[in-house]
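The structure appears right after this line, and notes come after that.
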Amino acid sequence: MAWVVLFLAGLCEVTWAVGLKYTDGFSRLWPTIGILAAMALSVALLELALRWLPLGTAYAVWTGIGTVGTALLGITLFGEPADLIRVLCISLIISGIGGLKLVS
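For the sequence shown, the positions run 3 to 106 when the working numbering is used.
Have a look at this one:
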């Protein structure tokens, strides 16, 4: 259950990170409210997952999910480059997340 909570926390991190693009410098009210809510939920879910998971592992996985998800959505939503090096680096992050899950 802790891993599901941590995954949801990571998805909330992706939500607020991508949502920053839509706030237009925090000048748009609803996107700004949405990212603040996603930030709060992300941290609250991380805190909940930390009740069962080691801090270093949980934090690394949380940020990894956020990094990978944000990078992939940047490619798909905003036309950011998907060159070989970028995809390889994203794959390495995914491998690291999987490795941490295996040893925890």
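Built from N, CA and C at the ideal position, the CB exists for glycine as well. Predicted model only: the values in this text are computed from it and were never measured.
{"Asked": "First and last residue of the uninterrupted alpha helix (DSSP H) at residue 41", "Found": "31 to 51"}
{"Asked": "Exposure of residue 6, with buried meaning 16 or more beta-carbon neighbours within 10 Å", "Found": "exposed"}
{"Asked": "Nearest-angstrom Cα separation, counted from residue 68 out to residue 11", "Found": "9 Å"}
{"Asked": "CA nearest to the CA of residue 89, picked from 70, 66, 106, 63", "Found": "70"}
{"Asked": "Contact check, residue 40 vs residue 51, beta carbons under 8 Å", "Found": "no"}
{"Asked": "Residue nearest to residue 97 in terms of C-alpha spacing, selected from 32, 36, 66, 22", "Found": "66"}
{"Asked": "Residue 123: first and last residue of the uninterrupted alpha helix (DSSP H) it sits in", "Found": "What is shown of the chain runs 3 to 106, which leaves residue 123 out entirely."}
{"Asked": "Proximity below 8 Å, CB of residue 43 to CB of residue 106", "Found": "no"}
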